Amino acid sequence: MNIAKSKPAAAAMLANAAIVLKKPKFEENIGSAARIAMNMGISSLVVVGDRDYQREKMLKTATHKAAELIDRLERHDTVAAALAPFGRVIATSARQGRGRGMCPPPRAAMREAVPYLADNRVALLFGPEDRGLTNEDLYLCHQLTTIPTADFSSLNLAQAVAVLSYELHTAVHEALAAAGPVCRPALATVHELDAMYGHVEQVLQKVGFLRPEDSSYWMKNIRSLLGRVGLRAKEARVIRGFCRQFLWYDAQRLPAEDLPPPIEPGCSGEVSPSATGKQSAVVGAPDKNIGASGRESASRGEQSLCGS
Numbered sequence: 000m001n002i003a004k005s006k007p008a009a010a011a012m013l014a015n016a017a018i019v020l021k022k023p024k025f026e027e028n029i030g031s032a033a034r035i036a037m038n039m040g041i042s043s044l045v046v047v048g049d050r051d052y053q054r055e056k057m058l059k060t061a062t063h064k065a066a067e068l069i070d071r072l073e074r075h076d077t078v079a080a081a082l083a084p085f086g087r088v089i090a091t092s093a094r095q096g097r098g099r100g101m102c103p104p105p106r107a108a109m110r111e112a113v114p115y116l117a118d119n120r121v122a123l124l125f126g127p128e129d130r131g132l133t134n135e136d137l138y139l140c141h142q143l144t145t146i147p148t149a150d151f152s153s154l155n156l157a158q159a160v161a162v163l164s165y166e167l168h169t170a171v172h173e174a175l176a177a178a179g180p181v182c183r184p185a186l187a188t189v190h191e192l193d194a195m196y197g198h199v200e201q202v203l204q205k206v207g208f209l210r211p212e213d214s215s216y217w218m219k220n221i222r223s224l225l226g227r228v229g230l231r232a233k234e235a236r237v238i239r240g241f242c243r244q245f246l247w248y249d250a251q252r253l254p255a256e257d258l259p260p261p262i263e264p265g266c267s268g269e270v271s272p273s274a275t276g277k278q279s280a281v282v283g284a285p286d287k288n289i290g291a292s293g294r295e296s297a298s299r300g301e302q303s304l305c306g307s
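Each step along the sequence shown adds one to the number in numbering that gives the first Met the number 0, with nothing skipped, and position 41 is 40.
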């Protein structure tokens with residue numbers, strides 16, 4: 000592709016990207032992030048938190064050319080609200096472990112993100128300078144990336160923003176220069192997925208698969224699994240519809256004392272009396288212990304996956 004022709008295409012794709020900063024401590028880091036974003040063709044900057052930031056301090060590092068990005072700064076109270084309209088979210092973390100897994104470096108992560116830019120908004124999420132992102136923040140993300148360093152790992156927030164923004168900018172131009180990016184279809188947004196996961200969790204609790212003490216652990220893995228699938232909005236609605244119908248049906252069931260008399264064996268939905276003469280569950284209904292035993296079997300050797 001001709002470089003001159005690829006520039007408008009690259010600009011259009013990068014217009015779908017945004018830098019999201021969770022509760023940054025210093026105005027200067029917000030200004031530096033704005034300056035970096037403008038240099039790399041990213042025209043959206045989002046800040047999470049209810050703190051008031053001084054415009055003059057932000058402009059000090061943003062320079063006058065990025066002042067418009069400061070003036071258009073998007074604010075949200077929570078990470079969930081900030082990420083709601085995005086179809087793809089890449090989070091950054093310096094911490095690794097069993098719960099976060101081995102994650103690709105920014106170059107590989109940004110190359111994977113490029114195909115989504117044509118039809119989806121893509122967010123690059125950064126945590127506070129002193130604490131980083133929490134596991135609850137990462138539940139809303141599709142991909143986790145770690146900037147490789149030597150033995151000393153202490154990058155400034157603005158430096159981390161620069162690394163990821165540069166890699167995304169480079170990946171877009173390389174893809175267009177090669178043969179054009181392979182486009183991914185429009186995906187369900189974080190808001191749509193979060194609503195779907197809420198219904199999935201309700202159903203799994205209702206059937207006894209999730210217990211209060213380990214519900215968050217299993218939902219993290221379910222989010223990781225479905226996050227890699229890349230669900231479209233329609234597919235997320237189908238799953239929510241199934242879950243809502245199941246919950247509605249469960250709510251209509253009569254209490255045990257109001258069940259009709261037992262019917263003859265061999266009929267569909269057969270009900271059998273218990274040894275005491277009281278009504279028992281429907282014959283052939285799943286064992287209540289199946290969820291727990293399945294959980295215990297799966298937990299042996301289970302490993303969390305990157306992007307959870």
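Ideal Cβ placement from N, Cα and C applies to all residues, glycine included. Predicted, not measured: the structure shown is a model, and the values here were computed from it.
Problem set entry | Cβ neighbours of glutamine 201 in the same chain (closer than 8 Å, five flanking residues each side left out) | Cys242, Leu246
For this session: Measure the C-alpha to C-alpha separation of proline 264 and glutamate 234 and round it to an integer number of angstroms.
Result: Caution applies to proline 264, whose pLDDT of 43 falls short of 50 and renders its modelled position unreliable; the model cannot decide the point.
Problem set entry | Given serine 153 as reference, the closest of Glu128, Val199, Asp136, Tyr138 once Cα atoms are compared | Glu128
Problem set entry | Three-way DSSP call (helix, strand, coil) for glutamine 251 in this model | helix
Exercise. In this structure, what does DSSP give as the bridge partners for lysine 21?
Worked result: Val47
Problem set entry | Residue span of the beta strand (DSSP E) that contains histidine 75, given as start and end | 73-75
For this session: Can you say whether glutamine 244 is buried or exposed, counting buried as having 16 or more other CB atoms within 10 angstroms of its CB?
Result: exposed
Exercise. Near glutamate 166, which residues of its chain fall below 7 Å by C-beta distance, leaving aside the five closest residues on each side in sequence?
Worked result: Pro105, Arg106, Met109
Exercise. Are asparagine 28 and leucine 156 close, meaning C-beta to C-beta below 9 Å?
Worked result: yes
Exercise. Nearest chain C C-beta to alanine 14 closer than 9 Å, yes or no?
Worked result: Checking the listed chains, one finds no chain C in this structure; it contains a single protein chain.
Problem set entry | Extent of the continuous beta strand (DSSP E) to which alanine 122 belongs | 121-125
Exercise. How big is the Cα-Cα spacing for leucine 137 and aspartate 213?
Worked result: 18 Å
Exercise. If you run the structure through DSSP and keep just helix, strand and coil, what is valine 88?
Worked result: strand
Exercise. With a Cβ-Cβ cutoff of 9 Å, do lysine 22 and leucine 124 count as a contact?
Worked result: no
Exercise. Are there three or more Cβ pairs, one per stretch, closer than 8 Å when the segment 24-43 is compared with the segment 193-209?
Worked result: no
Exercise. Beta carbon of methionine 12, beta carbon of alanine 117: below 9 Å?
Worked result: yes
Problem set entry | Reference valine 113; option with closest CA among Gly207, Val189, Ala8, Glu26 | Ala8
Problem set entry | Inter-residue Cα distance where the pair is glycine 268 and arginine 252 | With a pLDDT of only 38 at glycine 268, under the threshold of 50, the placement of this residue in the model should not be trusted; the figure read from the coordinates follows. Glycine 268 and arginine 252: Cα-Cα distance of roughly 13 Å.
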